[in-house]
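Asker:
In structure tokens, the structure reads:
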């Protein structure tokens with residue numbers, strides 16, 4: 001880091017870890033080890049501009065953890081949302097098992113396009129049906145204008161933020177197979 005003066009304070013922080021501060025004394029190398037803060041990890045919610053604690057969040061944000069999704073029989077993330085959060089309406093058309101569905105956040109807000117804005121790991125996507133529900137770490141739904149303001153008019157119908165699981169260092173290859181058989185009636 002350039003342009004540091006002696007006495008400047010460097011702050012290191014990451015979700016799920018305690019914040020660590022170091023006073024710069026001219027050293028060329030600084031070793032930092034962050035301690036886990038596991039008891040607060042469940043209390044953090046993802047909002048449009050970063051993260052916030054549940055207690056400090058002022059906007060309407062609903063969160064579903066990956067463990068909850070894995071406990072359901074859902075072929076795609078859209079159907080995993082059904083009945084899990086208040087203010088979310090999921091309608092499937094055609095009645096085909098595994099078929100796509102429409103998501104409405106706090107009702108239909110537009111005459112033309114009522115789809116929410118989908119963001120997967122920071123990237124804008126058209127829909128989230130192609131994502132394996134087992135690969136999801138959590139889904140946050142930003143339901144009001146305050147939470148979605150950073151995304152502008154594209155977020156007029158709400159925002160669905162999806163954070164997926166990532167590979168872990170020094171872990172063995174893991175292969176899973178899943179097969180389901182069911183009946184879906186309209």
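Numbering (the UniProt record's numbering), first residue to last: 1 to 186.
Glycine residues also receive a C-beta, built at the ideal position from the N, C-alpha and C atoms.
Quantities reported herein were computed from a predicted structural model and do not represent experimental measurements.
Considering only residues of the same chain and omitting the five flanking positions on each side of residue 78, which have a CB-CB separation below 7 angstroms?
Answerer: Taken in chain order, the residues that qualify are 90, 100, 101, 103, 128, 129.
Asker: Out of 67, 145, 36, which has the shortest C-alpha to C-alpha gap to residue 20?
Answerer: Measuring from the Cα of residue 20, the nearest candidate turns out to be 36.
Asker: With burial defined as no fewer than 16 other Cβ atoms inside 10 Å of the residue's Cβ, what is the status of residue 9: buried or exposed?
Answerer: Its Cβ having fewer than 16 others within 10 Å, residue 9 is exposed.
Asker: Taking the DSSP output, what are the residues bridged to residue 20?
Answerer: Its beta-bridge partners are 12.
Asker: Out of curiosity, what's the CA-to-CA distance linking residue 63 and residue 22?
Answerer: Distance between the alpha carbons of residue 63 and residue 22: 34 angstroms.
Asker: Thinking residue 125 and residue 85 are a contact (beta carbons under 8 angstroms), I'd like their distance in whole angstroms, please.
Answerer: With a Cβ gap of about 19 angstroms, residue 125 and residue 85 do not count as contacting.
Asker: Nearest-angstrom Cα distance between residue 175 and residue 155?
Answerer: So the two alpha carbons sit approximately 36 angstroms from each other.
Asker: Compare the C-alpha of residue 60 against each of 158, 164, 173, 166 and name the closest.
Answerer: Nearest of 158, 164, 173, 166 to residue 60, Cα basis: 158.
Asker: Can you say whether residue 161 is buried or exposed, counting buried as having 16 or more other CB atoms within 10 angstroms of its CB?
Answerer: Buried, by the Cβ-count rule.
Asker: How is residue 86 classed by DSSP in three states: helix, strand or coil?
Answerer: Residue state, collapsed to three classes: coil.
Asker: From 4, 67, 11, 139, pick the residue whose C-alpha is nearest to that of residue 28; which is it?
Answerer: The candidate whose alpha carbon is nearest that of residue 28 is 4.
Asker: Once DSSP output is grouped into helix, strand and coil, what is the label at residue 151?
Answerer: Looking at residue 151 - three-state DSSP - the assignment turns out to be helix.
Asker: Taking the alpha-carbon of residue 87 as reference, which of 117, 168, 75, 105 has the nearest alpha-carbon?
Answerer: Of the candidates 117, 168, 75, 105, the one whose C-alpha sits nearest the C-alpha of residue 87 is 105.
Asker: Keeping to the same chain, check which residues put their C-beta closer than 7 angstroms to that of residue 56; ignore five residues upstream and five downstream.
Answerer: Confidence is the limiting factor: at residue 56 the pLDDT is only 49, short of 50, which leaves the residue's position unreliable and the question unanswerable from this model.
Asker: Applying the 10 Å Cβ sphere with the 16-neighbour rule, what's the burial state of residue 143?
Answerer: The residue in question, residue 143, is buried, as its Cβ has 16 or more Cβ neighbours within 10 Å.
Asker: For residue 102, report the span of its beta strand (DSSP E) as first-last.
Answerer: Start and end: 101-105.
Asker: Please state the DSSP three-state secondary structure of residue 81.
Answerer: Correct three-state label for residue 81: helix.
Asker: Who pairs with residue 119 in a beta bridge, going by DSSP?
Answerer: Partner(s): 124, 161.
Asker: For residue 81, count neighbouring C-beta atoms within 10 Å of its own C-beta (all shown protein chains included) and say buried if the count is 16 or more, exposed if not.
Answerer: Per the 10 Å Cβ criterion, buried.
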